[in-house]
Amino acid sequence: MSTFINRNLVPFVLAAALSACGGGGGPAPDSNNPAEPIVGATAPLPAPTTTTPVSTPTTNAQIKTFAPICYDSSMQNLDDSGSYRTFGTYNIYSNIWNPGAATSWSQCTGATIASPGGVTVAEFDWNFASTNSDVKTYPNIQFGQQNSYNPSTTPLLPAPLSNLPSLVATGKLATTCAVAPCYFDSSFDVFFSSTSTASPNEEGELMVIADWNFPQPLGPTAFVALNVPIDGATYNIRQFQMPSSHGSWPYVAYYATSPISNLNINIASFAHDAVNRGYIPASYYLDMVEIGTEVLSGQGKTVITNYSVQ
14 MSTFINRNLV PFVLAAALSA CGGGGGPAPD SNNPAEPIVG ATAPLPAPTT TTPVSTPTTN
74 AQIKTFAPIC YDSSMQNLDD SGSYRTFGTY NIYSNIWNPG AATSWSQCTG ATIASPGGVT
134 VAEFDWNFAS TNSDVKTYPN IQFGQQNSYN PSTTPLLPAP LSNLPSLVAT GKLATTCAVA
194 PCYFDSSFDV FFSSTSTASP NEEGELMVIA DWNFPQPLGP TAFVALNVPI DGATYNIRQF
254 QMPSSHGSWP YVAYYATSPI SNLNINIASF AHDAVNRGYI PASYYLDMVE IGTEVLSGQG
314 KTVITNYSVQ
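Following our numbering, the numbering of the sequence shown begins with 14 at its first residue and continues without gaps.
Below you can see the structure in the form of structure tokens.
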């Protein structure tokens, strides 16, 4: 990519309140007006193989392929809840939560998931034309429960931070741009609540930015810590209170100083670091782990393979 990258400075994300959270964990179940997908907008995903999709041995795994669902800016009153699809312990979701900030756009999401097992492959194809630095979308894979209106995908979450020695995400992450300029971050988004039942609204948020490419101008807050070592990699940290219409919550983001594509990320290590720094209360529960790509502008593709959380 022939775009400007500065990993030692702070990217300008959203001026809006929900900038870093990707717009929410999924649609409420009472949505009655899903937009029609565009048929044939992208080639179908590769046929699933008969081999075990993740490193953990499984027996009698069932495999389900969700064909790509596509949306674009020609649609009025966009409702992408039809893209919220679940199999086994994972959801896939388009999460096009800020399309009005783009002048034109399109996005497709599809996946193949094994149960038991993990996500064999997920592909997000996106194209957002824009002159601003707002996040437009966060297509993602979800594990757990962000808000109380959707059930958890796994009995592992919510889990108390006081008793969470390990929660490891493995797999491979690749984000490529078709043309420049192209501005994005591919990241984990982790949500917390104060009780064992996920709350209707966010009460804490942590992001691990595995790969990112942002333009100038740079953002409203500085890094509060530089070159922090966690599990063999180093990160720069941003932290602030995230404001919203329903109140603020603590937000912390760990920006990898070098891109990470081969994933072996212990989410618990980051949560405990945030607790030790006073960013997230030690009494909180970890509700959900998402992985996806926040798109500011440009055309590209994110492919996630052999992904699991355990």
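All residues carry an ideal CB built from backbone N, CA and C; glycine is no exception.
The structure presented is a predicted model; accordingly, all values stated were derived computationally and were not measured.
Collapsing the DSSP output to three states places Ala284 in a helix. DSSP lists Asp198 as the bridge partner or partners of Glu307. Pro256 and Gln159 have their alpha carbons spaced roughly 18 Å apart. Taking C-beta atoms under 8 Å as the contact rule, Asn140 and Gln254 fail to qualify, at a distance of about 33 Å. The straight-line gap separating the alpha-carbon atoms of Pro171 and Lys314 is approximately 31 Å. The C-beta distance from Ile317 to Ile154 rounds to 6 Å, short enough to fall under 8 Å. Under the three-pair Cβ rule at 8 Å, the segment 295-312 counts as touching the segment 194-208. Counting along the chain, the unbroken beta strand (DSSP E) around Pro81 starts and ends at 75-85. In summary, Asn90 is exposed, with fewer than 16 beta-carbon neighbours lying within 10 Å of its beta-carbon over all protein chains present. Using a Cβ distance threshold of 8 Å, Ser128 and Gly101 count as a contacting pair. One Cα belongs to Tyr320, the other to Asn279, and the distance between them is close to 13 Å. Nearest to Asn275 by C-alpha distance, out of Tyr297, Tyr248, Lys185, Leu239, is Lys185. At a Cβ-Cβ threshold of 8 Å, Leu309 and Asp147 count as neighbours. Taking the Cα of Cys195 as reference, the smallest distance to any Cα among Thr133, Gly260, Ala266, Asp224 is reached at Asp224.
Between Ser209 and Ala281, the CB-CB gap reaches or exceeds 8 Å.
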